[in-house]
Each structure stands twice: as C-alpha cells, then as structure tokens.
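**Student:** Residue 3 is where the sequence shown starts when you use the numbering used here, and the numbers rise one by one after that. After the structure tokens below, expect a handful of questions from me.
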Amino acid sequence: MDSSDQVLGQSLGQSSGQSSHQLPVVIVPGFHDAALTRQWVRSLPSFVRPLIIDAYPTSPLAVYEWLQAHFSSDPNEPAAPIVGIAFSAGVIGLAGGLVLFNQSSGGSAKRLIAVDGFGVPVVGMPVTRISHDRFTHASSLPLGAGDVNFYADPAVDHLQLWGAPEAASGLEVQGWNLDQGVPMTAAEFLRRVLHAEWNKAFSWRAMV
C-alpha cells in the first residue's frame, strides 16, 4: 500500500467532524495495479468515507481481523453501519470477512457490493452485483444477487470496469432480470446504491 492508499485507509478514529455523516465504505481490491483502485475511489460520492483494507484479498480471516482493528467493538456504543465493496478476487475475502464481522458486531455490515466476483457465492448478507458483461451477471445470480444489480452493455474489459466505472455503460436490472433495465453507467449505479444505504443509516439523524 502506498502513501495515498494509507490516507484513504486511515482508521475511523482519525476522521474529521464531517465524517460523522459519511458512510464508511470498506474496499478490498483484487490482484492488480493499485492505480486502478485509486481511480475507483475517485468515482465515489462525497457522502462516503472510503477505507481500503490492507489485507490479503482472498483471506476472509485477514479481512475480518482488519475490520476488528479499525472499527469500535465497545458494546456501549452503537455499531457504525458499514458497506463493503470488493473487486474480483477481493470478493472472496470481503464476503467471508463481513459475515464474520457481523457475527461479532451484531450486524453492522449492511451490504456487499461485489464487482466482477467470478464464481464467488455471497450468503448471509445483502449483496449487489456489478458485472462487466451480461454473461458474468447471469452466471453470478445463482450465487447470490440483490434486488437490483448492474451489468455493462456493451461489455467492457474486466479491469476497465474497476479503473473507469464512469465509462462503463449498461443496465440497472431488478433481481434476476437479464434484459429489461434502466440505462446508466456503473458509476451512476454505484452512487444510487450507496445513497440508498446512506439514507438508511443517516437520514433519520438529519431530522433530529
């Protein structure tokens, strides 16, 4: 992890006052150039606080230990809502790590956004799939799919999806739907999903 990743991955205890209304989003990349992950992070909206997990991508235990070290486990404090985003091989580590973390924290991890998680089942928590083509989308549905998912159409390169989500046009589709959907880019879809999770976590606080 280079210096810029360390800044993105600083612990919650080092956050500014503004971050109290930012949604913590933990990110596990795959095995690829770190510059692609930095590009992905730049596509995230300002209401989220990205934290890149410095752990071996395919190790659920390593991811779980990172989560334990970076989020409060004080039983007298409410657990912070967390959303996870993982890419490619990173889906293996984050899917298992979040389930382990939920078992120890009472369910503070609210959703996993699995980006091109080839052949990786996701069970035990809500999941949203983002895929680089229709085939990956269709083959991932039996392994765990959300109420709404996205796939690029026309297809884009696997790494391009992670490095340039704003350039990946496709469809937001409901459930197991394969063809009928709402046209948008992967970046736009990601913002919609994250905004829905932010609303669940924080909108009620803005009214008090």
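Glycine residues also receive a C-beta, built at the ideal position from the N, C-alpha and C atoms.
Are residue 129 and residue 109 touching if we call contact CB-CB under 8 Å?
**Tutor:** no
**Student:** What's the gap between the Cα of residue 43 and the Cα of residue 195?
**Tutor:** 15 Å
**Student:** Under DSSP, the beta strand (DSSP E) around residue 116 begins and ends at which residues?
**Tutor:** Where residue 116 is concerned, the enclosing beta strand (DSSP E) starts and stops at 111-117.
**Student:** List in chain order: all unbroken alpha helix (DSSP H) runs of 4+ residues lying wholly within the stretch 128-185.
**Tutor:** Runs of the alpha helix (DSSP H) inside the stretch 128-185: 136-142 and 160-165.
**Student:** Once you ignore the five residues that flank residue 188 on each side, which residues in its own chain have a CB closer than 7 Å to its CB?
**Tutor:** 132, 152, 154, 163, 167, 170 and 172
**Student:** DSSP three-state call for residue 26: helix, strand or coil?
**Tutor:** strand
**Student:** Which class does residue 202 belong to by DSSP, given the choice of helix, strand or coil?
**Tutor:** helix
**Student:** Leaving out five residues on either side along the sequence, give the residues of the same chain with a beta carbon under 7 Å from the beta carbon of residue 32.
**Tutor:** 59, 89, 90, 91 and 92
**Student:** Would residue 160 be called buried (16 or more neighbouring beta carbons within 10 Å of its own) or exposed?
**Tutor:** Note on residue 160: 16 or more other CB atoms within 10 angstroms of its CB, so buried under the neighbour-count rule.
**Student:** How should residue 125 be labelled, buried or exposed, when 16 other C-beta atoms within 10 angstroms of its C-beta is the threshold for buried?
**Tutor:** Residue 125 sits exposed, since fewer than 16 C-beta atoms from the chains shown fall within 10 Å of its C-beta.
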